[in-house]
Amino acid sequence: MKELALYVHVPFCVKKCYYCDFLSFAEIAPEDRTAYVDAVLEEISEAAAALPKQSNAQYEVSSIYFGGGTPSSMDPYQIARLLHQMQDYYRVSPEAEITLEVNPGTVTLPKLQEYYKMGINRLSIGAQSMMNHDLMHLGRAHSVADFYEAYRNARTAGFRNISVDVMMGLPGQTVGEYMNTLRELADCHPEHISAYSLSVEEGTPYYEIYGTGREAADNILGLSKLPLPEEEAERAMYHATVNFLVSMGYHRYEISNFAKNDDGNGRYESRHNKAYWTRGDYLGFGLGASSMIANERFSNLRNLADYVEAKGDTKTLRKDRTELGLKEQIEEYMFLGLRMARGISPAAFEETFDVSLKALYGEVIDALAAEGLLAWENDALVLTTRGIDVSNRVLSYFLLEDEEDTAEAPEAKEEA
Ligand code: SF4
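Dropping the structure here:
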């Protein structure tokens, strides 16, 4: 039985956060939201029919993820319609992880109870910071008090698998302030914590300010140039995150993701994200959603009116189809595999690609290991702590020139 992960994109938010470059919109009328949900329902059924027939395996859905945007800004009835449609058209495992992204301030106890009753069994709550002035600068639509209320209500509603998102490297943030946020969140004992650095993207208000350094009077947020922490401080935040969360009974299973320790079966690790990181098959529904089925990638069109107009017709709404060749598959396998703490097993690599890891990357691996950026642990290749600090550079050495070439050793690449 082949596992399949399903994703539903809900592109609606209460308001647009200043740093956000996700595909999401504020102030969409209720009737337009309903039209959108109707279109996604159609897509879910059409996409089931369009799945390639598996010769000796059938798909079983191991995870469903409602992301956005802010799925929790929707009426629970709409989420239930989407969930039931997926259950009607796909074989969903009774053990499937079903996650809903929640923004504090958009949920009440009765709403959370409805989610729980319909079968949502995991929440991902966007806390981002436990300091109100950070939330204000981020343009978030919630306060710290809203987070506590949502979290408490989620527990009362019955949720026993909760993930919390936190951001580091915020403007003006010191390591001490960030650690206060992390401590307060860990004191709530969520089963999972994702800790990402703020990244300032072009086209966002944050970029406007940080990129130009305009004076307070001219800019959107009323701040002068954003005092983003230095790279060294950001690294210190990351290292402090790992040390602190490990001391609190979590383990890091991906560069930015931490799960509560259990009996060793990774119960609280995100099954859905692991499907992405292990290059499993996944189908994305909704505006701009991406999919990968049998090494073919495609993503849906990104214009809301066009998406609704397409009425779920997969031929119209799927764009950018790319058949991944062996080279791309191997590169992805290395990039994603090395981000995971369990690393890359040479045996699994050889079984997947019919070529040995050593034959393809031997020189690169030896050179990076000599630099202290890669190491062997439990028969698997992993990034060291120093390797994580410069992970982009390390991963770039695993790019292949073309399908016949083997990767070059780091020294050779740096000279080029
Ligand atoms: S809630 Fe999330 S998706 Fe919505 S605007 Fe903020 S960051 Fe973007």
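Each step along the sequence shown adds one to the number in numbering that gives the first Met the number 0, with nothing skipped, and position 215 is 214. The beta carbon of each residue, even a glycine, is placed where N, CA and C say it ideally should be.
Among the options, nearest to residue i - alpha-carbon criterion
i, options, result
"T240", "A368, E229, I254 and I124", "I254"
"L373", "A347, S128, E400 and G336", "G336"
"I78", "P103, W375, A346 and V39", "V39"
"E331", "A358, T277 and L286", "T277"
"M339", "R32, R251 and Y35", "R251"
"R121", "D74, Y76, P226 and S62", "S62"
"K326", "G168, L359 and A346", "L359"
"Y147", "T105, G171 and T173", "T105"
"P189", "S355, I161 and M178", "I161"
"P75", "Y88, A140, R32 and L244", "R32"
"I387", "D378, S290 and A368", "A368"
"R234", "E183, Y177 and V307", "Y177"
"R341", "Y306, V363, R296 and L380", "L380"
"V143", "L82, E183 and R385", "E183"
"H136", "G168, V91 and Y150", "G168"
"L300", "Y17, Y18 and L22", "L22"
"D20", "G202, S290 and F352", "G202"
"L399", "D378, V363, S196 and A34", "V363"
"M73", "I27, R90, Q86 and V91", "I27"
"D378", "V389, K357 and R385", "K357"
"V174", "S196, M236 and S123", "M236"
Contacts around residue i, its chain only, beta-carbon distance under 7 angstroms, and the 5 residues preceding and following it disregarded
i, result
"Q328", "N294"
"H271", "A4, S62, Y64, E96 and T98"
"H141", "N102, P103, G104 and L134"
"Y88", "I43, S44 and A47"
Buried versus exposed, by CB contacts within 10 Å (16 or more), residue i
i, result
"A95", "buried"
"A258", "buried"
"L67", "Reading off the sequence shown, one finds Gly at residue 67, where the question assumed Leu. Answer is buried; the Cβ neighbour count reaches 16."
"N256", "buried"
"D133", "buried"
"Q127", "buried"
"S198", "exposed"
"N302", "exposed"
"R320", "exposed"
"P29", "exposed"
"E2", "buried"
"E376", "exposed"
"T69", "buried"
"E229", "exposed"
Beta-carbon contacts of residue i that lie in its chain and below 8 angstroms, excluding the five residues immediately before and after
i, result
"T383", "G371, L372, L373 and A374"
"G248", "K259 and N260"
"E45", "G311, D312 and T313"
"K110", "S71 and P75"
"R80", "V36 and L40"
"Y17", "H136, L137, G138, T203, P204, Y205, I219 and L220"
Between the CA atoms of residue j and residue i - distance to the nearest angstrom
i, j, result
"A304", "A366", "51 angstroms"
"M166", "Y205", "15 angstroms"
"A49", "T315", "13 angstroms"
"T107", "S71", "10 angstroms"
"A274", "L323", "17 angstroms"
"E200", "G265", "33 angstroms"
"K15", "D262", "40 angstroms"
"G361", "Y64", "38 angstroms"
"P51", "E42", "16 angstroms"
"Y267", "I192", "10 angstroms"
"E231", "H238", "11 angstroms"
"S355", "A346", "8 angstroms"
"S54", "N391", "Low local confidence applies: a pLDDT of 44 at S54 is under 50, so the model's placement there is unreliable, and no value is given."
"D186", "M130", "15 angstroms"
"V245", "A194", "13 angstroms"
"F334", "F297", "20 angstroms"
"L181", "K318", "40 angstroms"
"V393", "S344", "17 angstroms"
"L227", "G171", "6 angstroms"
"E349", "Q84", "39 angstroms"
"E207", "L82", "39 angstroms"
"R139", "F352", "45 angstroms"
"L282", "A25", "25 angstroms"
"P93", "Q112", "20 angstroms"
"N242", "V307", "47 angstroms"
"E100", "Y6", "11 angstroms"
"N152", "N179", "23 angstroms"
Other residues of its chain near residue i: CB distance less than 6 angstroms, five sequence neighbours each side excluded
i, result
"I292", "D280"
"S395", "none"
"G125", "N102 and D164"
"Y150", "C187"
"A309", "T315 and L316"
"V91", "V60"
Can you confirm whether the segment 108-122 touches the segment 150-160 when touching is taken to mean that 3 or more C-beta pairs between the two stretches lie within less than 8 angstroms?
yes
Taking 8 angstroms as the cut-off, does the segment 3-20 touch the segment 278-298 (at least 3 CB pairs, one atom from each stretch)?
yes
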